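Heads up: the sequence lines are chains C and G, in that order.
Count the first sequence with our numbering and you get residues 517 to 756, in order.
Count the second sequence with our numbering and you get residues 61 to 397, in order.
A quick write-up on the structure given underneath.
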Amino acid sequence: MTDLLTLAGVNTHIGRYHILHGVDFGVPEGQTTMLLGRNGAGKTTTLRTIIGLWPASSGQITLAGQRIEANATPDIARLGIGYVPESMAVFSDLTVKENLVLAARDGPLDDSRLEWIFGFFPALRRFWLSRAGSLSGGQKQMLSIARAIVEPRKLLLIDEPTKGLAPAIVAALIECFAEIKRRGATILLVEQNFRVAQEIGDTVLVMDNGKIVHRGDMAELANDSAAQERLLGLSLEAHQ
Amino acid sequence: MTDLAATTDPLPKPKRDFLPALLPVILALAMAPLIGSGSSWVTLTVASLAMGMMIFIMASGLTLVFGLMDVLNFGHGAFIAVGAYVATLVLLPLAGWVQADSLLVNLAVLAPAALLAMAVSGALGLVFERVLILPVYGQHLKQILMTTGGLIVAEQALYALWGPQIIPLPLPTSLRGSFIIGDVAIAKYRLLAMLVGLVVFLAVQLVLNRTKIGLLIRAGVENREMVEALGYRIRQLFLGVFMVGSALAGLGGIMWALYREQVHASMGNDLTVLIFIVVIIGGLGSIGGCFIGALLVAMVANYGGFLVPKLALVSNILLMVAVLMWRPRGLYAVTSR
């Protein structure tokens with residue numbers, strides 16, 4: 517299977533701090549790749565570097581054969597990347613509808629796609645004209661994900677979507693990610709909850725201290741408790 | 061599929077915050093018994109509304125620039141002064157049209173003067189943003205120094221081009237005088253100022269709330285990074301907002317000059333503090349807050365000047381202190397910065 521996204525020797529500095537140290541990996545097309553690791557390992561920085569919010573100081577990032585590391589964030593996004601940040605970053609002064617209208621940059625909202633999204637997240641239909649700032653944390657997360665998939669995207673970068681959410685909402689998100697994958701999208705997903713990662717992921721990358729320290733099949737890691745403990749250590753105990 | 065509607069708590073109804081919007085009405089009604097004479101109260105109230113609308117026109121661009129771009133533009137007054145001076149290029153040579161006793165002829169000269177003032181101020185805004193502000197995005201102290209320097213340069217350039225003398229700018233004939241209703245006199249020009257201010261307010265609200273550009277501006281005020289991650293080039297939006305804000309300041313400049321019937325190079329500088337007070341009172345980035353703030357500032361200045369003339373010198377500062385003690389982020393806070 518070919519890689520839709522590849523990172524080769526990517527270094528990222530934030531101010532005088534060197535966060536990513538020569539990150540190398542590929543994200544296979546049509547698969548869900550989990551990016552795991554302890555807090556501070558560099559997972560969020562990796563996603564932000566790919567989308568250009570914290571540009572790489574060196575190395576190469578390639579999306580569908582096209583180098584993107586020198587591009588500005590809007591240009592990278594327009595190549596077909598949807599981004600769901602850890603903070604969700606919904607526009608709280610705008611309504612649910614306005615948030616989605618803004619995310620649909622190629623034209624008006626597609627009704628059939630909206631119905632598909634409402635299938636996962638009925639709350640969004642219910643609060644369609646409510647201000648996003650008045651939604652609960654789980655509803656904001658649904659909106660943030662809906663914003664990333666309101667139009668078809670080649671690649672979704674999703675940062676800790678299940679953090680702090682109720683089990684029912686986590687179940688809906690898992691179902692949503694599986695369906696997005698079935699529709700052909702490629703997903704790179706940062707997750708702390710190993711059980712969720714196990715359920716969603718096809719392939720897995722583990723980061724530590726700004727480097728990739730493991731890559732392989734999710735199923736293999738799921739069946740290897742020694743490797744889990746060695747690679748994920750405290751984070752596994754804390755989140756299982 | 062999981063039915064999340066069953067798992068979500070009912071959403072609290074969004075609270076509509078009407079109190080700040082009612083403040084001008086409450087203030088006007090509270091002043092009526094203190095002022096005593098009904099005609100004086102109406103005159104002062106109309107004067108406040110007209111003055112408030114003109115201040116709003118000048119301040120609206122600054123609040124968007126402040127909120128969206130996080131830029132402290134102390135040079136905003138330059139656009140006001142330039143707008144007023146550029147208007148004289150049309151109004152003075154066509155003095156015959158200005159003096160004509162026909163509203164249509166007067167407007168036929170006022171409209172192009174206002175459009176030219178807006179065009180030149182908008183173009184100056186483009187130069188300002190590219191030359192002075194672009195190198196200092198995200199650096200507030202440098203922004204203050206650069207834009208204050210820009211204001212000084214613009215002011216000195218006006219002195220060099222037009223000379224140090226104050227230029228008289230008489231009101232068009234049909235806008236002089238007042239409508240007399242009973243024993244109340246309402247100045248015609250103040251009505252025009254109110255009308256223009258209201259049109260600008262409604263137009264800006266329409267753009268912000270009913271268009272995709274408006275959505276982008278509102279979203280950008282809140283989270284610029286996420287707007288970029290959605291694929292929008294916010295730098296270009298910044299530039300557009302800066303130019304429109306500068307053009308509105310130019311329109312405010314010609315209106316203020318006609319109100320005072322004079323143009324001088326330091327008029328923008330004189331108004332800068334007042335405009336910043338309005339923007340801070342209203343809440344950074346909030347057009348509605350800016351509108352209410354401008355009305356409040358004008359009302360406090362007019363009522364205060366009538367009731368306690370000595371208080372007029374500090375009335376705006378007192379108003380700002382009172383508002384910030386009540387709402388530290390302004391009447392209608394938008395941005396979290």
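Yeah, the Cβ is synthetic: ideal placement off N, Cα and C, and Gly gets one too.
Since this is a predicted model, take the numbers as computed values, not measurements.
Quick one: what does DSSP say residue i is sitting in, helix, strand or coil?
i      : result
G:V264 : helix
G:A245 : strand
C:Q582 : strand
G:H324 : coil
G:I226 : coil
G:T271 : coil
C:T702 : strand
C:N739 : coil
G:L231 : coil
C:M550 : strand
C:P624 : coil
C:S573 : coil
C:Y533 : strand
C:M723 : strand
C:T518 : coil
C:A524 : strand
G:F78  : coil
G:A66  : Note that G:A66 scores a pLDDT of 41, beneath 50, so its modelled location is shaky; the value from the coordinates is reported in the next line. Looking at G:A66 - three-state DSSP - the assignment turns out to be helix.
C:Q756 : Its pLDDT being 48, under 50, C:Q756 is placed unreliably by the model, and nothing is read from it.
G:F336 : helix
G:M254 : helix
C:D733 : strand
G:A393 : coil
C:R746 : helix
Exposed or buried, what is residue i when buried is set at 16 or more other beta-carbons lying within 10 Å of its beta-carbon?
i      : result
C:W570 : buried
C:Q756 : Residue placement at C:Q756 cannot be trusted, given a pLDDT of 48 that sits under 50; the coordinates are not used to answer.
C:L645 : exposed
G:L378 : exposed
G:M385 : exposed
C:A735 : exposed
G:K370 : exposed
G:S375 : buried
C:D609 : buried
C:G531 : exposed
C:N555 : exposed
G:Y292 : buried
C:Y533 : exposed
C:A557 : buried
Looking only at its chain, what residues have a beta carbon closer than 6 Å to the beta carbon of residue i, apart from the 5 residues adjacent to it on each side?
i      : result
C:S660 : V600, M604 and V606
C:L747 : V722 and H730
G:K202 : V196
C:I633 : A662
I'd like the list of long-range same chain contacts for residue i, defined as Cβ closer than 8 Å, with 5 residues on each side in sequence excluded.
i      : result
G:Y392 : D77, P80, G342, G343, S346, G348, G349 and I352
C:L721 : F541, T549, M550, L551, L552, I728, H730 and R731
C:R583 : Q576 and I577
G:P172 : V150
C:E691 : F636
C:R621 : R594 and E667
C:L681 : G653, G654, Q657 and L689
Using the beta-carbon of each residue, which ones in chain C are nearer than 8 Å to residue i?
i      : result
G:K272 : V617 and L618
G:G127 : Within 8 Å Cβ-Cβ: nothing; G:G127 doesn't reach chain C, min ~11 Å.
Give the residues of chain G in contact with residue i, contact being defined as C-beta atoms less than 9 Å apart.
i      : result
C:D609 : R278, A279, V281, E282 and V394
Keeping to the same chain, check which residues put their C-beta closer than 7 Å to that of residue i; ignore five residues upstream and five downstream.
i      : result
G:L122 : N133, H136, G305, I335 and V339
G:A119 : I335, V338, V339, C350 and A354
C:D675 : T560, L563, V600, P601, E602 and V706
C:R669 : G596, I597, G598 and A701
Note down, in chain order, every chain G residue with its Cβ under 7 Å from the Cβ of residue i.
i      : result
C:E614 : L275
Strictly below 9 Å CB to CB, what residues from chain C border residue i?
i      : result
G:R236 : Within chain C, no residue comes near G:R236; the closest Cβ sits about 44 Å away, beyond 9 Å.
Under 7 Å Cβ-Cβ, which residues of chain C neighbour residue i?
i      : result
G:R320 : Near G:R320 there are no residues of chain C at all, since even the closest Cβ is about 37 Å away, more than 7 Å.
G:L290 : A593, L618, A619 and R621
G:R293 : P590
G:E285 : L569
Whose Cβ in chain G lies nearer than 8 Å to the Cβ of residue i?
i      : result
C:R532 : Simply none; closest approach about 17 Å.
Continuous alpha helix (DSSP H) assignments of at least 4 residues falling wholly in the stretch 640-685 of chain C: 653-665
Contact list for the stretch 596-608 of chain C against chain B, Cβ threshold 8 Å: Any reference to chain B falls outside this structure, whose protein chains are C and G.
Ranges of the alpha helix (DSSP H) found wholly within the stretch 278-333 of chain G, counting only runs of at least 4: 284-289 and 294-320
Start-end ranges of the beta strand (DSSP E) lying completely within the stretch 593-617 of chain C, minimum 3 residues: 597-600
Segments of 4+ residues assigned as alpha helix (DSSP H) that fall wholly inside the stretch 134-202 of chain G: Entirely contained in the stretch 134-202 of chain G, the alpha helix (DSSP H) runs reaching 4 residues are, in chain order, 136-151, 155-159 and 163-187.
Residue ranges of each alpha helix (DSSP H) within the stretch 347-389 of chain G, 4 or longer: Segments of the alpha helix (DSSP H) lying fully in the stretch 347-389 of chain G: 347-367 and 375-386.
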